[in-house]
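In what follows, a single structure is set out as structure tokens and then discussed.
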Amino acid sequence: MMKAWVRIAVVIALTMGFAPAAIAQIYERGDRGDDINRIQLRLGMRNIDGIFGAETENAVQDFQRRRGLRVDGVVGPDTLRELGLSDLIVDGNNPPGSTSGAYVVVVPGNTTVLLNRVRRFQPAAALARSGRGSYIRAGAFAQRSIAERVSRQLRDNGLDARVAYRPTTTAR
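Structure, rendered in structure tokens:
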């Protein structure tokens, strides 16, 4: 239920013209992937499966309670810092390499719905196009490894992301 309210708030903020930069990366029930594996490992969980389910949510709540954090079962910036996973914090006010770099994370497509899905993970994402067609530019990075991590996160969440090396782009 909380996830639905967060999505509604994001949609309202985007439609009203608020900068998507105010949205920070969070991990919550239903999320999957390598980042969840790392969170589960830091929580000391026995069953590390990369799926943020009830067991992970309970472990997060216990961790938050022990550390004096807000107990909500959601892994946001404060919880990530306490877990020693600050590298997973993606703050829209300073998205890593979002405007420059040779390695560009690309999601084929040009719909607003798709753009908003990408912005859930990469708030600075924007519509763009190249000789190959329209796409969503999810970020540009100086290091390929960072671009691959962002691309993998998007793929783990059902998006067709890939890394391209310096495509010719024009803002749409």
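Oh and the sequence shown: position 35 is 31 in our numbering, straight run, nothing missing.
Here a beta-carbon is modelled for each residue, glycine too, at the ideal position from N, C-alpha and C.
Let's see if you can read the secondary structure: which residues bound the beta strand (DSSP E) around residue i?
{"i": "I142", "result": "Careful: I142 lies outside any beta strand (DSSP E), inside the alpha helix (DSSP H) at 140 to 152."}
{"i": "V101", "result": "99 to 104"}
{"i": "R158", "result": "158 to 161"}
Alpha helix (DSSP H) containing residue i: first to last residue?
{"i": "R42", "result": "It is not in any alpha helix (DSSP H) - R42 carries neither H nor E in the DSSP assignment."}
{"i": "P73", "result": "73 to 79"}
{"i": "A55", "result": "50 to 63"}
{"i": "R115", "result": "108 to 115"}
Does the distance from the C-beta atom of residue i to that of residue j stay below 8 Å?
{"i": "R133", "j": "A143", "result": "no"}
{"i": "Y161", "j": "A136", "result": "no"}
{"i": "L65", "j": "D31", "result": "no"}
{"i": "V71", "j": "I47", "result": "no"}
{"i": "S147", "j": "A138", "result": "no"}
{"i": "G80", "j": "R42", "result": "no"}
{"i": "Y131", "j": "V102", "result": "yes"}
{"i": "E51", "j": "R25", "result": "no"}
Name the DSSP bridge partner or partners of residue i?
{"i": "S126", "result": "G129"}
{"i": "G135", "result": "V101"}
{"i": "R28", "result": "I47"}
State buried or exposed for residue i, treating a residue as buried only when at least 16 other CB atoms are found within 10 Å of its CB.
{"i": "V109", "result": "exposed"}
{"i": "Q149", "result": "buried"}
{"i": "R113", "result": "buried"}
{"i": "D45", "result": "exposed"}
{"i": "A55", "result": "buried"}
{"i": "R128", "result": "exposed"}
{"i": "G154", "result": "exposed"}
{"i": "R115", "result": "buried"}
{"i": "G69", "result": "buried"}
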